[in-house]
């Protein structure tokens, strides 16, 4: 049996193993399609900007739709969401193959098809990544993230080279057709998967509310904000290499589709090496140290790719770039997953992906425009300097240390019996909690309540406040609002084991036997208007 801490530990679980293998088949087809699309664009136009936009058209929908997809992943059956995404991509890939075969494609039509395929990816990814935690134990999550990266990069090392051969021998239409066939393996596995997930007795959150709660959770989680910032910077700067690689091969290395496939494959080889080094690197270095090293390594490789005219040198630089790419993104992904409870993990991952792929899309346009206005070499050198700037960000905003918090539900909340009959949608609900705190404990209490405020707002509270009784100064009252009774119950069910320490320390400072909780429904009164106010005759004083 595999060591539970090894990269291969998640493969012990049959459902994960089947999904991982099927995803590899789908990724292989996607990379073959990517080579076909990138190289077809070089034959349709000489515009460096349009060529770079092939990658942007795939990344842009991930930036645009991932937040919505994350809310769907947390609110709906993830299996059904993934199946919908697979059928969308299958349909778009079939149409792309037909249009290419009939020679109907224009540059903008090609970008439109890749945009639709990218939209399917945006819909699929949050549900797929959130589902990993549904099929394996939390202790295996870091290994699963590395294994997902390894699987993708195994296909990345083979797919582009295979795609280059297919495009050179049979044309881009054949590459698009092979991609369409590759979806069937994952569709078959998803049809057979029957997840056994706990039933949520509360009604599903509305889409708008689910998006808002996801945004609020991330906004009140400083560690997640640091991860998302670094992901965006890395996407903008590091995305330059893949966006400009077709131009580098065509104009600097004077190669064809096979050379492009081999160079793309070199990036994938580096990704495999990086994925299998992940666990060992995390033993040696802290998170911030890892990110700084990989940012600097990627900056070096981007500069070499931009300046080198030697195929072997560029190949080796792309291997280094692949290592740094995978180690960086898998680390950021793992930190997001281990810093987020299950109820919001899809939304947190979607915001991380929005930042990363939004950066890639923006960078693809930026560096493509730069290459068209100046040269590809100068664009890559400028991008390498921006990557170095991303490393320097850690001097002020360091990454959190790699750790695994216990984010299982706290399960201490018991819905109270009410003396007033209300409906789940009744509200607004006002909560007041009274504490008795001695002067000697005041400084610690206020520090803990600052953390309590962050947790409350993160989990859905509004208008949080802390008040002190003027007549009885030892009495402090915490107050907050929630829109409805069902949101109050949901708010309390979101509390995690990791939050218990703050709660327990506050209760330990309380001098009474139990804190007193007031649960109230807010009602507005409007004074009755007298009829004679409206019907009083007008008298002109003049």
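Residue numbers (this note's numbering): 27 to 568. In this text, a Cβ means the ideal position worked out from N, Cα and C, and glycines have one as well.
Reducing DSSP to helix, strand and coil, say where residue 315 ends up. helix
Check whether the stretch 337-353 touches the stretch 286-295, counting contact only when three or more Cβ pairs, one atom from each stretch, lie closer than 8 Å. yes
Within 10 angstroms of its Cβ, does residue 72 collect 16 or more other Cβ (buried), or is it exposed? exposed
Per DSSP, residue 508 is paired with what? 455
Between 547, 184, 91, which has its C-alpha nearest residue 445's C-alpha? 547
Would you report the Cα separation of residue 156 and residue 375, rounded to the nearest angstrom? 8 Å
Contact between the stretch 395-413 and the stretch 164-175: three or more CB pairs below 8 Å? no
With 16 as the cutoff for other CB atoms within 10 Å, does residue 415 come out buried or exposed? exposed
What does the alpha-carbon distance come out to for the pair residue 201 and residue 52? 13 Å
Is it buried or exposed, residue 239, if we count other Cβ atoms within 10 angstroms and call 16 or more buried? buried
Put residue 447 into one of helix, strand or coil per three-state DSSP. coil
Looking at residue 382: is its Cβ nearer than 8 Å to the Cβ of residue 258? yes
Can you check whether the CB of residue 519 is closer than 8 Å to the CB of residue 627? Coverage of the chain is limited to positions 27 through 568, which leaves residue 627 absent and any answer about it impossible.
Starting from residue 608, trace the alpha helix (DSSP H) both ways and give me its first and last residue. Nothing can be reported for residue 608: it is not among the residues displayed for the chain, which extend from 27 to 568.
With C-beta atoms as the reference, is residue 362 less than 8 Å away from residue 253? yes
Just checking my contact of residue 531 with residue 492 at CB under 8 Å: how many whole Å lie between their CB atoms? That belief does not hold up - the Cβ atoms of residue 531 and residue 492 are roughly 16 Å apart, past 8 Å.
Return helix, strand or coil for residue 434, following the three-state DSSP convention. coil
Could you work out which residue in 129, 190, 94 is closest to residue 146 when comparing CA atoms only? 94
Just to confirm my understanding: we take residue 526, look at its own chain, exclude 5 residues before and 5 after, and list those with CB closer than 6 Å. What are they? 436
Would residue 143 pass as a contact of residue 68 if the rule is Cβ separation under 8 Å? no
Counting C-beta neighbours from all protein chains within 10 Å, is the total for residue 280 16 or more, i.e. buried, or is it exposed? exposed
Could you say if the stretch 506-524 and the stretch 460-468 meet the contact criterion of at least three C-beta pairs nearer than 8 Å? no
Under 8 Å, with one C-beta from each stretch per pair, do the stretch 202-209 and the stretch 481-490 reach the 3-pair mark? no
Beta strand (DSSP E) runs wholly inside the stretch 79-106, at least 3 long, in chain order: none
Relative to the C-alpha of residue 236, which residue among 315, 96, 333 is closest? 96
Over what stretch of residues does the beta strand (DSSP E) that includes residue 544 continue unbroken? 542-547
Reference residue 185; option with closest CA among 438, 61, 104, 76: 61
What does the Cβ neighbour count give for residue 387, buried or exposed, with the cut at 16 atoms within 10 Å? buried
Would you mind sorting residue 476 into buried or exposed? The rule is 16 or more other CB atoms within 10 Å of its CB. exposed
Write down every uninterrupted run of the alpha helix (DSSP H) in the stretch 180-255 whose length is 4 residues or greater and which is fully enclosed by it, in chain order. 198-218, 233-245
Suppose you measure from the CA of residue 434 to the CA of residue 368; what does that come to, to the nearest Å? 8 Å
Distance CB(residue 425)-CB(residue 309) smaller than 8 Å: no
Residue 107 versus residue 47 - alpha carbon distance: 19 Å
From this set, 113, 90, 81, 343, which residue's C-alpha is nearest residue 216's C-alpha? 113
In three-state terms, what does DSSP make of residue 140? helix
Can you tell me whether residue 130 is helix, strand or coil according to DSSP? coil
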